[in-house]
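Peer 1: Counting from 11, one number per residue, gives the positions in the sequence shown under our numbering.
Think of the CB as a built atom: it goes at the ideal place given N, C-alpha and C, for glycine as much as any other residue.
Quick one: the structure is below, and I'll ask about it shortly.
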Amino acid sequence: PTAAAHPEPDASARTDAGGPAGTASGAEADQPENHPTPAAPAHQTPQTPGGTWLDAETALTLLTSPLAGMDAADLRRLGRALREEERAGGNPVPPPSDELLARALAEPER
Numbered sequence: 011p012t013a014a015a016h017p018e019p020d021a022s023a024r025t026d027a028g029g030p031a032g033t034a035s036g037a038e039a040d041q042p043e044n045h046p047t048p049a050a051p052a053h054q055t056p057q058t059p060g061g062t063w064l065d066a067e068t069a070l071t072l073l074t075s076p077l078a079g080m081d082a083a084d085l086r087r088l089g090r091a092l093r094e095e096e097r098a099g100g101n102p103v104p105p106p107s108d109e110l111l112a113r114a115l116a117e118p119e120r
């Protein structure tokens with residue numbers, strides 16, 4: 011087969027098909043979405059407002075998944091135990107159980 015038998019599509023066809031585009035115009039190149047965002051260093055983990063890398067919703071999803079296999083009663087028992095541990099540690103008004111569950115998953119060594 012010769013090169014003429016399989017002509018290469020032009021740049022506009024590749025762009026329409028989601029392929030690589032030619033050079034962008036000056037206005038397009040200055041858009042923030044066209045610049046790669048720097049990745050966080052490997053030693054840093056994203057933090058939720060509560061200070062852990064795992065939010066309560068994700069923690070509950072993990073605990074009730076087939077991996078952990080907990081049901082609602084198990085979650086209540088664990089939440090109560092964690093709140094009781096907080097009270098025994100001197101905190102008369104512990105955070106909500108969901109937050110304590112997320113913290114326990116994020117910091118299992120505590």
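Would DSSP call Arg-24 helix, strand or coil?
Peer 2: Reliability of the predicted coordinates at Arg-24 is poor, the pLDDT of 48 falling under 50, and the value obtained from them is presented with this limitation in mind. Helix at Arg-24.
Peer 1: Is the CB-CB distance between Leu-92 and Ala-114 below 7 Å?
Peer 2: yes
Peer 1: Would Ala-112 pass as a contact of Leu-64 if the rule is Cβ separation under 7 Å?
Peer 2: Yes; because the gap between Cβ atoms is below 7 Å, this pair is in contact.
Peer 1: What's the C-alpha gap between Glu-95 and Asp-84?
Peer 2: Roughly 16 Å between the two C-alpha positions.
Peer 1: Take Pro-105 as the anchor and find which of Asp-81, Gly-89, Arg-120, Ala-116 has the nearest alpha-carbon.
Peer 2: Gly-89
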